[in-house]
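See structure below.
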Amino acid sequence: MIRTPLRPLARILSARAKGENPDVIERENIRIRHEAMRDSARVRAEGRLLVLGLAFIVGFGAVGFRMGVLASTDPAEPATAGAGTAIIAQRADITDRQGRILATNLVTHSLYAQPQQMVDPAGSARKLAQIFPDLDAERLARDFAGTRKFLWLKKKISPEQMQLVHEIGDPGLLFGPREMRLYPNGAIAAHVLGGASFGREGVSSAEVVGTAGVEKTFDRWLRDPANGGAPLQLSLDLTIQSTVEDVLAGGMKLMNAKGAAAILMDARTGEIVALASLPDFDPNTRPAPATKGDPSDNPLFNRAVQGVYELGSTFKIFAVGQALDLGLVTPETMVETKGPMVWGKFRIRDFHNYGPQLSVTDVIVKSSNIGTAHVAQMIGGTRQQEFLGKLGLFDPTPVELVEAPGAKPLKPAKWPEITTLTVSYGHGVAASPLHLAAAYATMVNGGTRVAPTLLKRTEVEPGPRVISEATSAIIRDLLRQVVVRGTATFGNVPGYEVGGKTGTADKPKPTGGGYYKDKVVATFAAAFPMSDPKYVLVVSLDEPVETSGTEPRRTAGWTAVPVGAEIIRRAAPLLGLRPALEPVAEAGVIRVSN
């Protein structure tokens, strides 16, 4: 910036030449300079005031906007910000179809120690070992005397234990609040519920996560705050579940079986009303998985879903049902039963000699392997595989249990004619009892495929058609006759029109090399009432032996059927089914086979 001189030489010389005073020029220039400086300062001040005014306007506007937002929202307690991701401890309840609690949360406390704050580490260690026998006093004393600043003692304790620890009076023993998963009914429905454990943990909370069963399948849903605390409602009925487990446990003991399973399912919707597997466990104290031995011997093993067995003569109704639907036979068609039936080096025999021929009806009623094999020959291997596939017997069961996808049925890689024959009477293909229940529901409900579920349903779309309604009606009559005069007479429960089929399959040796001669899986697949089937029941016993007679009896007619009948006798009234009057059958003794 170039400033004008106060006494410019040219003007000074001109003023002197004219006899004027040069100081006037200087004073005039000083005045002009001061006025310019004043104007500049005024402009600068006005700009600063403008900026300050705008800042005030913006600030007061932001405050006003925030006050408006706060005034329009619901009041809430402020939360203290903490480092890391918050631990979500809340978990929704699980209820049965009637809304009764199967799994819920219990507020409890954890116990931890800060050894550096303890006044009597040795004495506290000794007293803690007295309160908690699973803790070692010497090890605790060593840990308390070390350099550790934090030590978990118990992840959950009872109020009584908490009071006893309080009485120790050591400031280094501290408690943290937390929620734990509680199963108020103990072992009832244990294999369905599965269990839960702690995930991420802190001194003030712990994350409860599912470890098995529906707890793990729906783990994300149960922990989602967006559900607003709504419970997960299952299709199980707590009363029916308890009844089924009670009868099954008694039957398992009476029949000297090593394990048992039972499934009671709605024949039309696929809703599972009860699902039991024995031996079982208490999910409140879930045991550790087995690391050696036969997995099926572990209480955690769900025989109803994970157990894959050859289910014997229960499969015969599928062969006969398909032949009826294809028009290859009628209930009165006579089928050859002269034995043994020879195919190459194989011999197919019946439990009894049924003579040279039986009608298709009596093939089912008397459970003839040879007769069923001849029916299967009419069908052929390709059509047989397609039909069993439509029944879902080759697919993992799509039930809402995390264990279900691993229980895929076992079938041979190749399907020669001998496989067609043996599969027709339940050997050569292995499936779970739940597969069998769903397939039987399809056969008796009018012929539409059923997908089993553990969730309560309000509306159910019919599945794809597998057999015609007419064929399904014939199937219902055949299964009813099996109970009235066939291999399952012990399953006749007066008033409930029970129909069903027995199956006794030799157990394969785990190392290969054939089958055991004295170990079987006995199964009874039933439906009731057969005039309009509402429910399907499958009962399976692992290695049963009925010993009330002079010789041990292992067939399903002597073992699984009486257990199934007792379940129906006790559960049917609880299901709201009123007994109907039926014609009284003539007294007599009917020989039971498989």
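Using this note's numbering, the letters of the sequence shown map in sequence onto residues 898 to 1491.
Using N, Cα and C, we set each Cβ at its ideal position, and we do this for glycine too.
Bear in mind the structure is a predicted one, so any value in this text is a computation, not a measurement.
- Pairing residue 1202 with residue 1348, the inter-Cα distance amounts to about 14 Å.
- In this structure, residue 1468 sits away from residue 1172, with a CB-CB distance that is not shorter than 8 Å.
- If you look at residue 1460, you'll find it in the alpha helix (DSSP H) that goes 1457-1471.
- Boundaries of the beta strand (DSSP E) around residue 1240: 1238-1240.
- With a cutoff of 8 Å on beta-carbon distance, residue 997 and residue 1078 are scored as not near each other.
- Scanning 1427, 1336 and 1351 for the CA closest to the CA of residue 1370 turns up 1427.
- Spatial neighbours of residue 1337 in its own chain (CB-CB distance under 6 Å, excluding positions within 5 residues in sequence) are listed in chain order as 1422 and 1433.
- Taking all protein chains in view, the Cβ of residue 1324 is crowded by 16 or more other Cβ atoms within 10 Å, so the residue is classified as buried.
- Segment contact: the region 1065-1074 against the region 1021-1032, three or more CB-CB distances shorter than 8 Å; contact assigned.
- In the DSSP assignment, residue 1437 forms a beta bridge with 1158 and 1420.
- Going by DSSP, residue 1182 is part of no beta strand (DSSP E) at all; its letter is neither H nor E.
- By the Cβ rule, the region 1025-1033 does not count as touching the region 1103-1112, because fewer than three pairs are nearer than 8 Å.
- Rounded to the nearest whole angstrom, the CA to CA distance from residue 1180 to residue 1052 is 17 Å.
- The DSSP assignment places 1056-1065 and 1087-1090 as complete runs of the alpha helix (DSSP H) inside the region 1037-1110, in order along the chain (cut-off: 4 residues).
- Secondary structure of residue 1235 (DSSP, three-state): coil.
- Contact between residue 1003 and residue 992 fails: their C-beta atoms lie close to 16 Å from each other, not under 8 Å.
- 1232 is the residue among 1287, 1295, 1134 and 1232 whose C-alpha sits nearest the C-alpha of residue 1217.
- Listed as beta-bridge partners of residue 1243 by DSSP are 1240.
- Between residue 1168 and residue 1327, the CB-CB gap reaches or exceeds 8 Å.
- With a cutoff of 8 Å on beta-carbon distance, residue 1442 and residue 1449 are scored as near each other.
- The residue among 1289, 1297, 1301 and 1285 with its C-alpha nearest the C-alpha of residue 1320 is 1285.
- In the DSSP assignment, residue 931 falls outside any beta strand (DSSP E) and within the unbroken alpha helix (DSSP H) covering 919-969.
- Between the alpha carbons of residue 1119 and residue 1074 lies a gap of roughly 20 Å.
- Taking a contact as a CB-CB distance under 8 Å, the pair residue 1222 and residue 1365 counts as one, their CB atoms being some 6 Å apart.
- Counting other Cβ atoms within 10 Å of its Cβ, residue 945 stays below 16 and is therefore classed as exposed.
- DSSP, reduced to helix, strand and coil, places residue 1405 within a strand of the structure shown.
- Counting along the chain, residue 1256 sits inside no alpha helix (DSSP H); it lies in the beta strand (DSSP E) bounded by residues 1254-1256.
- According to the DSSP assignment, residue 1025 belongs to the alpha helix (DSSP H) that extends over 1018-1028.
- Inclusion of residue 1071 and residue 1012 in the CB contact set at 8 Å is not warranted, their separation being larger than that value.
- Counting C-beta pairs closer than 8 Å gives fewer than three between the region 1232-1250 and the region 1281-1300, which falls short of the contact rule.
- A direct Cα-Cα distance of roughly 6 Å separates residue 1389 from residue 1395.
- In this structure, residue 1001 sits near residue 1081, with a CB-CB distance shorter than 8 Å.
- When DSSP states are grouped into helix, strand and coil, residue 1206 belongs to the strand group.
- Following the DSSP letters along the chain, one finds residue 1001 inside the beta strand (DSSP E) bounded by residues 998-1010.
- Separation of residue 1040 and residue 1009 (C-alpha to C-alpha, rounded to the nearest whole angstrom) is 12 Å.
- Looking at the backbone, the Cα of residue 1306 and that of residue 1292 are separated by about 7 Å.
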